[in-house]
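Step one of this worksheet: look at the structure below.
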Amino acid sequence: MMAEQAVQKLPASGPEREKLRQSGQFWTPAWVAQAMAAYPIAGGHRTIFDPAVGMGAFFRAALAVAELANVRVRLQGAEVDKSILDKAKTSGLKSRDLSGVEVRDFVLDPPRTKLKAIVANPPYIRHHRLSADVKSRLKIFSMRLTGVAIDARAGYHIHFLLRALQLLEQGGRLAFIVPADTCEGVFAGTLWQWITRHYRLDAVITFDHMATPFPGVDTNPVIIMIENAPPGAEFHWARVTQPDNLALRAWVLSGFKTVEAGTLSVQRRLVCEGIATGLSRPPQVMTHPAVLADFARVMRGIATGANEYFFLTAERVTALGLQKEFLVPAIGRTRDVAGDELTHADLRRLEAQQRPTFLFSPNGNLPSRFPWSVRRYLKRGERLGLPDKPLIKTRKPWYKMETRAIPPFLFAYLGRRNARFIRNRAGVVPLTGFLCVYPLSDAPNFVERLWALLNHPDTVANIVLVGKSYGGGAVKVEPRALERLPLSERALREAGLAAPLRETQLEFTLREERARYKVSKRS
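Residue numbers (the numbering used here): 86 to 608.
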């Protein structure tokens, strides 16, 4: 048995944490890596390719599983960072184990031959950390491969997966561990419709919060196992409930047949249902008579492009001498809202704590029309180089701020508190830590009933069905996804609101997916 990899120590903040975000390097623990390596080995494959070798976690895992199965394996791979490969030799690998590794970018400079088995933890680099040139090349690649435009917000790991699928030999197997946004993001439906029309989805493995392979990392991992074989109508969906779980490896080696009770729960699901619900989420058998879009519309909060300049404390406003007509009461951080209502008293409390509560929001007038204090502050912004910042330089003029009508409700979607709806009694506009929720009717009675609906336990419980899950139980919900939030019959009844007479969101999506699957089988 090979020596197991030590747990990666993650810097909490500072330059080292930023370097980690740039490289996307998070090492996979042995118990997870072995379960993933077991998938191609159980399928009879003896050459294992890792497109992001790093410290060699999957090489060690493949050797360990091969020893357990009494077979020999050949190791191949790619890695962009040669210095990491040198360090891999100190973690239990020999030079011969790494002799099949090429220093190259797997996505932008791929191998020239097809691959029988691919096992990977691709670098988790978010879209905003990619250069414009790399984004352009990735867009061209994904469009040529899939024939559809993959959303520009897709991270590098999505393109890693697409490249691996392109290179996967007929009958080959692929096991990837990826963030849950691969299955939950705005692009997920399009991505997985294409994948499941061309490949067979064998298994999806998810983790309870207490069993996460990456404690301390702000992402929720999912293992995807795919074979280059005719698509199937069903797949295995597993939930790991305990960490360091060798039962996961045993289940995969058994061909998804033997399950050890208590540490792993497994069920069969329809592919079309999984895509409609989100492959990383538990199956949804309950239908709902309405969604939030039947009663409200949702917009994101204001993106300033430079909060440190545009989002000001009351003390700072006074020091700068800025007039009220250029200021809008605003809220920025979810942690600044202690409860489920935001009041004027809360704003006064935040001001006393020297928290920002004012958005500097000059209109698009020429600077000459502004008071001297505003002109002086705009000059300061120019000296700071704000007109050249990525978001700000798209505005004409650079200081013209986005506007929002005051939303009666806010949605706090990403923070260390549970995602929740907030009654905006303070009349503020939110920044991007919140979403704006606008009732379709301004009638006071309707607004009160909608507030009761938003606060209902069923409604709050359903947020996980439309959000992207992150580490520590945090959930991020995009505006359009929140509009798809399912509303239960009980919540509607108790709030005194009637559901529209139409097909439910899930029923509609499932029907579409079944139709697509039938068409793909005929073709």
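Just so you know, even glycine gets a beta-carbon here, dropped at the ideal spot from N, CA and C.
Computed from a prediction, not measured in an experiment: that's the story for all the values here.
Report the rounded CA-to-CA distance for residue i versus residue j, giving the unit in angstroms.
{"i": "Pro374", "j": "Leu572", "result": "7 Å"}
{"i": "Arg434", "j": "Thr488", "result": "25 Å"}
{"i": "Glu187", "j": "Leu577", "result": "59 Å"}
{"i": "Pro208", "j": "Asp236", "result": "18 Å"}
{"i": "Glu319", "j": "Gln278", "result": "14 Å"}
{"i": "Gly42", "j": "Phe226", "result": "Residue numbering for the chain in the displayed model covers 86 to 608; residue 42 lies beyond these limits and cannot be assessed."}
{"i": "Met310", "j": "Thr304", "result": "19 Å"}
{"i": "Val344", "j": "Ala332", "result": "7 Å"}
{"i": "Ser108", "j": "Ala288", "result": "Residue confidence is low: Ser108 scores 41 on pLDDT, short of 50, so the model does not pin down where it sits. Its coordinate-derived value is still stated next. Taking the straight line from one Cα to the other gives about 28 Å."}
{"i": "Pro270", "j": "Asp379", "result": "Per the sequence shown, residue 270 should be read as Gly rather than Pro. Cα-Cα distance, rounded: 22 Å."}
{"i": "Pro447", "j": "Ile491", "result": "17 Å"}
{"i": "Leu525", "j": "Ala566", "result": "17 Å"}
{"i": "Val532", "j": "Ala504", "result": "20 Å"}
{"i": "Val156", "j": "Leu338", "result": "13 Å"}
{"i": "Lys553", "j": "Ser458", "result": "43 Å"}
{"i": "Gly417", "j": "Ala584", "result": "34 Å"}
{"i": "Ala249", "j": "Asp182", "result": "21 Å"}
{"i": "Arg197", "j": "Ile308", "result": "26 Å"}
{"i": "Leu405", "j": "Tyr394", "result": "12 Å"}
{"i": "Arg468", "j": "Lys485", "result": "17 Å"}
{"i": "Pro515", "j": "Trp336", "result": "47 Å"}
{"i": "Leu463", "j": "Thr403", "result": "16 Å"}
{"i": "Gly99", "j": "Ile477", "result": "Annotation note: pLDDT 47 at Gly99 (below 50); position unreliable, no value reported."}
{"i": "Lys179", "j": "Pro136", "result": "19 Å"}
{"i": "Gly185", "j": "Pro298", "result": "27 Å"}
Just to check my reading of the structure: residue i and residue j have Cβ atoms closer than 8 Å, yes? What is that Cβ distance to the nearest angstrom?
{"i": "Cys268", "j": "Gly141", "result": "About 27 Å separates the two Cβ atoms, so there is no contact after all."}
{"i": "Leu247", "j": "Leu259", "result": "So it is not a contact: roughly 11 Å between Cβ atoms."}
{"i": "Ala415", "j": "Phe455", "result": "So it is not a contact: roughly 20 Å between Cβ atoms."}
{"i": "Val158", "j": "Ala147", "result": "5 Å"}
{"i": "Val192", "j": "Ile133", "result": "So it is not a contact: roughly 19 Å between Cβ atoms."}
{"i": "Val356", "j": "Gly317", "result": "7 Å"}
{"i": "Thr291", "j": "Arg324", "result": "5 Å"}
{"i": "Asp118", "j": "Phe143", "result": "Note that residue 118 corresponds to Ala in the displayed sequence, not to Asp. With 8 Å as the limit, Ala118 and Phe143 qualify as a contact, their Cβ atoms being about 5 Å apart."}
{"i": "Asp527", "j": "Arg575", "result": "About 26 Å; that fails the 8 Å criterion."}
{"i": "Ala173", "j": "Gly257", "result": "Not confirmed; about 24 Å, so no contact."}
{"i": "Gly340", "j": "Ala127", "result": "6 Å"}
{"i": "Trp116", "j": "Asn330", "result": "6 Å"}
On a CA-only basis, which of the options is nearest residue i? Give me that one, please.
{"i": "Pro328", "options": "Arg354, Met295, Asn155", "result": "Met295"}
{"i": "Arg334", "options": "Met121, Pro300, Val562, Glu568", "result": "Met121"}
{"i": "Thr398", "options": "His429, Asp171, Phe445", "result": "Phe445"}
{"i": "Ala381", "options": "Pro493, Leu427, Asn392", "result": "Pro493"}
{"i": "Asn313", "options": "Ile169, Leu471, Arg282", "result": "Arg282"}
{"i": "Val551", "options": "Tyr498, Leu160, Glu533, Leu582", "result": "Tyr498"}
{"i": "Ala361", "options": "Val545, Arg461, Phe272", "result": "Phe272"}
{"i": "Asn547", "options": "Leu377, Thr419, Trp483", "result": "Leu377"}
{"i": "Lys342", "options": "Thr326, Glu358, Gly359, His321", "result": "His321"}
{"i": "Phe261", "options": "Thr113, Arg189, Arg145", "result": "Thr113"}
{"i": "Gly359", "options": "Arg181, Ala239, Ile280", "result": "Ile280"}
{"i": "Ala149", "options": "Gly177, Glu400, Lys172, Gln161", "result": "Gly177"}
{"i": "Thr517", "options": "Asp527, Pro482, Val562", "result": "Val562"}
{"i": "Pro367", "options": "Val549, Arg465, Leu276, Trp483", "result": "Val549"}
{"i": "Val302", "options": "Ala265, Trp336, Arg285", "result": "Ala265"}
{"i": "Ala151", "options": "Gln161, His130, Asp135", "result": "His130"}
{"i": "Ala559", "options": "Arg460, Lys478, Thr419", "result": "Thr419"}
{"i": "Arg480", "options": "Leu582, Phe396, Phe496, Gly390", "result": "Gly390"}
{"i": "Arg534", "options": "Phe506, Leu582, Pro564", "result": "Leu582"}
{"i": "Ala217", "options": "Asp194, Tyr241, Pro195", "result": "Tyr241"}
{"i": "Ala423", "options": "Phe396, Phe506, Thr297, Arg401", "result": "Phe506"}
{"i": "Pro195", "options": "Phe245, Ser184, Gly185, Pro564", "result": "Phe245"}
{"i": "Met228", "options": "Thr275, Glu579, Arg285", "result": "Thr275"}
{"i": "Tyr124", "options": "Arg569, Glu568, Leu286, Glu400", "result": "Leu286"}
So with Cβ pairs under 9 Å, would you call residue i a contact of chain D?
{"i": "Glu467", "result": "Going by chain labels, chain D is absent from the structure shown, which holds only one protein chain."}
Sorry if obvious, but does the Cβ on residue i come closer than 8 Å to a heavy atom of the ligand NAP?
{"i": "Thr348", "result": "As far as ligands go, the structure on display features none, and thus does not contain the ligand NAP."}
Quiz item: Does the segment 384-393 come close enough to the segment 518-536 to have 3 or more Cβ pairs within less than 8 Å?
Solution: yes
Self-check item: Three-pair Cβ contact test at 8 Å for the segment 436-455 versus the segment 536-549
Solution: no
Self-check item: Contact the segment 344-359 vs the segment 243-258: 3+ CB pairs below 8 Å
Solution: no
Quiz item: With contact counted as at least three CB pairs below 8 Å, one residue from each stretch, are the segment 470-483 and the segment 415-430 in contact?
Solution: no
Quiz prompt | Inside the segment 345-395 only - alpha helix (DSSP H) runs reaching at least 4 residues | solution = 356-362, 392-395
Quiz item: How about the segment 503-510 and the segment 397-415: do they share at least three Cβ pairs that are nearer than 8 Å?
Solution: no
Quiz prompt | Uninterrupted beta strand (DSSP E) stretches inside the segment 163-210 (no shorter than 3 residues) | solution = 186-188, 200-205
Exercise. Please go through the segment 232-291 and give each complete beta strand (DSSP E) segment of 3 or more residues, from N-terminal end onward.
Key: 253-264
Self-check item: Length-filtered (4 minimum) alpha helix (DSSP H) runs lying within the segment 550-575
Solution: 564-568
Exercise. Spell out a yes or no on whether the segment 163-170 and the segment 217-224 are touching, meaning 3 or more CB-CB pairs, one atom from each, closer than 8 Å.
Key: no
Exercise. Give, in chain order, every unbroken run of the beta strand (DSSP E) that is at least 3 residues long and sits entirely within the segment 492-540.
Key: 494-497, 505-509, 519-524
Exercise. May I have a chain-ordered list of the beta strand (DSSP E) segments no shorter than 3 residues that lie completely inside the segment 397-466?
Key: 412-416, 443-445
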